[in-house]
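Asker: One structure, as structure tokens, below. Some questions next.
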Amino acid sequence: MSLASIRQLATLNQHSKIAGARFTSTTAESTQAEKTQQETATAIPSWNAYFDLRKKRRMYEMVACVPSAIAPTIGSIAYFSQLEIDPFTTFFGMDPVMASALATVGAGVGGFMFGPIIGNGLFKAMNSKISPAMDARDKAFFERIKANRADARLNSIRNPVPDYYGEKIQSVADYRSWLRKQREHYRKGVFGGKSDGLEDD
């Protein structure tokens with residue numbers, strides 16, 4: 081066997097190994113995706129079940145806003161009340177009392193905005209078994225919203241995009257209604273009114 085033939089065989093063997101590795105990697109990724117889908121379907125069997133959990137998570141986030149706003153507000157009040165303030169000193173050009181009041185309000189607002197993060201973390205801790213499935217459903221739901229929502233470029237004062245992020249959707253029926261509104265927004269933006277040739281998904 082000539083040297084050229086040996087080199088050709090070695091090259092073919094190398095290409096075969098690379099193709100085999102790619103096939104194995106693709107197969108493994110596909111298997112992992114199917115496994116994730118099966119686990120999600122088992123933990124959260126339907127979209128209505130997902131929306132029920134979504135409402136429950138939202139409740140956790142809203143409830144958590146209360147203590148997360150109250151705690152820093154009380155802490156700020158306690159701090160500024162024991163602080164000796166020179167009435168002739170200004171903070172950023174403001175009266176000390178006014179500055180401390182604004183700082184207290186700012187602490188409360190900051191805590192309120194941080195509340196949903198605490199609530200979401202608490203929800204995941206209390207529902208750790210379904211947390212991965214919930215994340216998978218969140219991702220799938222967002223992909224559906226992104227694929228079906230109306231083009232933001234058609235937005236106007238007279239024709240605003242209805243619920244662009246799908247935050248008001250709380251059931252499958254709400255989702256179908258949301259789809260109809262997106263189609264109607266598209267028709268108004270493109271045709272200037274209703275058009276009968278387009279159907280809902």
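To convert, take the position in the sequence shown, counting from 1, and add 80; that gives the numbering used here. Just so you know, even glycine gets a beta-carbon here, dropped at the ideal spot from N, CA and C.
1) Do you know how far the Cα of Glu164 is from the Cα of Tyr244?
2) List, from N- to C-terminal side, the beta strand (DSSP E) runs of 3 residues or more that fit wholly inside the region 189-235.
3) Report the three-state DSSP secondary structure of Phe172 (helix, strand or coil).
4) Just to confirm the assignment, what range does the alpha helix (DSSP H) spanning Asn128 have?
5) So, for Val252: in the same chain, excluding its five sequence neighbours on each side, which residues have a beta-carbon less than 6 Å away from its beta-carbon?
6) Among residues of its own chain, excluding the 5 on either side of Ala108, which ones have a beta-carbon nearer than 7 Å to its beta-carbon?
7) Can you give the beta carbon distance from Phe192 to Ser156, rounded, assuming they're within the 8 Å contact cut?
8) By a C-beta neighbour count over all protein chains shown, 10 Å radius and 16 as the cutoff for buried, is Tyr26 buried or exposed?
9) If I'm right that Tyr284 touches Arg267 with Cβ under 8 Å, what's the distance once you round it to whole angstroms?
10) Can you tell me where the alpha helix (DSSP H) holding Val241 begins and where it ends?
11) According to the Cβ coordinates, are Ala179 and Pro152 closer than 7 Å?
12) Taking its Cβ as the centre, do 16 or more other Cβ atoms sit within 10 Å of Thr184, making it buried, or is it exposed?
13) Apply the 10 Å Cβ neighbour rule to Phe203 and answer buried if 16 or more other Cβ atoms are within range, or exposed otherwise.
14) Which of helix, strand or coil does DSSP assign to Ser257?
15) Output the distance between the C-alpha atoms of Arg233 and Gly173, rounded to the nearest integer angstrom.
Answerer: Once the coordinates are examined:
1) By 1-based counting over the sequence shown, the position of residue 244 is 164. By 1-based counting over the sequence shown, the position of residue 164 is 84. Computed Cα separation, rounded: 50 Å.
2) Counting whole runs of 3 or more residues, the region 189-235 contains no beta strand (DSSP E) stretch at all.
3) Taking the first residue of the sequence shown as 1, we reach residue 172 at position 92. Three-state result, Phe172: coil.
4) Stepping through the sequence shown from its first residue, residue 128 is reached at position 48. Boundaries of the alpha helix (DSSP H) around Asn128: 127-162.
5) For the purposes of this step, residue 252 is identified with residue 172 of the sequence shown, where counting begins at 1. Apart from sequence neighbours up to five positions away, the residues of its chain that approach Val252 with a beta-carbon distance below 6 Å are Trp127, Asn128, ordered along the chain.
6) Position 28 of the sequence shown, counted from the start, is the residue given in the question as residue 108. Model confidence at Ala108 stands at a pLDDT of 49, short of 50, so the residue's coordinates are unreliable and nothing is read from them.
7) Counting from 1 along the sequence shown, the entry for residue 192 is found at position 112. Counting from 1 along the sequence shown, the entry for residue 156 is found at position 76. Phe192 to Ser156, Cβ: 13 Å. No contact.
8) This structure gives no information on residue 26, because the portion of the chain shown stretches from 81 to 281.
9) Nothing can be reported for residue 284, as the shown portion of the chain is limited to 81 through 281.
10) Working through the sequence shown from its first residue, we reach residue 241 at position 161. Counted as a single uninterrupted DSSP element, the stretch harbouring Val241 is not any alpha helix (DSSP H), since DSSP gives it neither H nor E.
11) For the purposes of this step, residue 179 is taken as residue 99 along the sequence shown, with counting starting at 1. For the purposes of this step, residue 152 is taken as residue 72 along the sequence shown, with counting starting at 1. Result no, Cβ atoms of Ala179 and Pro152 do not sit closer than 7 Å.
12) The residue given as residue 184 occupies position 104 in the sequence shown. Residue environment analysis places Thr184 among the buried positions, since at least 16 neighbouring C-beta atoms fall within 10 angstroms of its C-beta.
13) As a working mapping, residue 203 is identified with position 123 in the sequence shown. Under this definition Phe203 is a buried residue.
14) To locate residue 257, count along the sequence shown from 1; it is residue 177. When DSSP states are grouped into helix, strand and coil, Ser257 belongs to the helix group.
15) Stepping through the sequence shown from its first residue, residue 233 is reached at position 153. Stepping through the sequence shown from its first residue, residue 173 is reached at position 93. If I take the Cα positions, the gap works out to 44 Å.
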